[in-house]
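Protein chains in written order, with my numbering: chain A, 1 to 101; chain B, 1001 to 1209.
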């Protein structure tokens, strides 16, 4: 397999995730975009792991770690979104400006 | 162009379009469902790259757990599930410019550096990955389990409703007419709650005439 194809897939997913984080205002949608970016990172890790081909499968193990950290992140993130919703009755990310300025 | 290349290109088209629909769909629930397709195509990419265990872990963890968690989050926040105003104060042009420019830079770098690199794909079975995961990577793996435990306890502590915290959410305007109706106070409409009777208790031992 050409190494450029999975890398292109990862770059596409990552840039779509960047667009979602920057443009959408729904907090849960921002979390979904972060998940897309994490998935892109795991694809990159597996690709470069296959390219290097070390005996410890470092790329795949790190991809597994990224997946676990992503699961923890979405749990904490949704708890925070629930808390913001409970206190401000809104999931709009522009409304969560208590620590701004 | 060999068969893995064709499979990888198909996965790229499928997953890329699903990801685009995730961030552009007007309905948030539709976004969550397109996220399933995007994450499944990532699992397909893992399979095509020979990472079998990671592919099934991706299906279990992301498609099985994370998307369900996100759908529960949408349900619990009673978010505006229908079409909503899409863009935040950054507008639409700046994010497109940033992500499109970044994509162009990445594509240039990828095809400049790895344009003629070919991957020697060796399928890694779950057993082979488990042997390295539980012997050389054992300590990081345990630290990961500790991190997950701490994160889940933290999520429970954060999301628990404390006493007298925060204002109640504003009523949905569509439901406002319903909520303005007088609430029946009759005890019989409130099962499980018994109000003391207001009738005078019958006096025993006295003959009524």
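Each residue gets a CB set at the ideal place from its N, CA and C atoms; glycine is no exception. Keep in mind the model is a prediction, meaning the values are calculated, not measured.
Can you find the residues in the same chain that come closer than 7 Å, C-beta to C-beta, to residue i, ignoring five residues on each side of it along the sequence?
| i | result |
| --- | --- |
| residue 42 of chain A | 63, 66, 67 |
| residue 1126 of chain B | 1052, 1053 |
| residue 1109 of chain B | none |
Where does the unbroken alpha helix (DSSP H) through residue i begin, and where does it stop?
| i | result |
| --- | --- |
| residue 1123 of chain B | Element bounds for residue 1123 of chain B: n/a, residue is neither H nor E. |
| residue 91 of chain A | Where residue 91 of chain A is concerned, there is no enclosing alpha helix (DSSP H), given that its DSSP letter is neither H nor E. |
| residue 1113 of chain B | 1093-1114 |
| residue 44 of chain A | 27-52 |
| residue 1056 of chain B | 1052-1058 |
| residue 1007 of chain B | 1003-1024 |
| residue 4 of chain A | 4-23 |
| residue 1073 of chain B | 1067-1076 |
| residue 1156 of chain B | 1138-1159 |
Closest by CA to residue i, which one among the options?
| i | options | result |
| --- | --- | --- |
| residue 1090 of chain B | A:5, A:3, A:25, A:7 | A:25 |
| residue 1006 of chain B | B:1044, B:1077, B:1152 | B:1044 |
| residue 48 of chain A | A:93, A:8, A:94, A:95 | A:8 |
| residue 54 of chain A | B:1128, B:1145, B:1149 | B:1128 |
| residue 1102 of chain B | A:14, A:3, A:6 | A:14 |
| residue 1018 of chain B | B:1004, B:1041, B:1092, B:1152 | B:1041 |
| residue 59 of chain A | A:71, A:70, A:69, A:46 | A:46 |
| residue 16 of chain A | B:1057, B:1099, B:1200 | B:1099 |
| residue 122 of chain A | B:1015, B:1136, B:1106, B:1077 | The structure shown does not extend to residue 122 of chain A, since chain A spans only 1 to 101, so no value can be given for it. |
Does residue i come within less than 8 Å of chain A when only Cβ atoms are used?
| i | result |
| --- | --- |
| residue 1008 of chain B | yes |
| residue 1146 of chain B | no |
| residue 1042 of chain B | yes |
| residue 1016 of chain B | yes |
| residue 1020 of chain B | yes |
| residue 1108 of chain B | no |
| residue 1153 of chain B | no |
| residue 1033 of chain B | no |
| residue 1056 of chain B | no |
Could you pull out every residue in the same chain whose Cβ sits closer than 8 Å to the Cβ of residue i, ignoring the five residues on either side in sequence?
| i | result |
| --- | --- |
| residue 91 of chain A | 26, 27, 28, 81, 84, 85 |
| residue 1030 of chain B | 1021 |
Using a Cβ-Cβ cutoff of less than 6 Å, which residues in the same chain neighbour residue i once the five nearest sequence positions on both sides are dropped?
| i | result |
| --- | --- |
| residue 1039 of chain B | 1062, 1063 |
| residue 44 of chain A | 10 |
| residue 1123 of chain B | 1050 |
| residue 1037 of chain B | 1018 |
Checking contacts by CB at 8 Å: is residue i closer than that to chain B?
| i | result |
| --- | --- |
| residue 11 of chain A | yes |
| residue 120 of chain A | No answer is possible for residue 120 of chain A: the residues shown for chain A start at 1 and end at 101. |
| residue 51 of chain A | yes |
| residue 34 of chain A | no |
| residue 108 of chain A | Any question about residue 108 of chain A goes unanswered here, given that chain A covers just 1 to 101. |
| residue 41 of chain A | no |
| residue 1 of chain A | yes |
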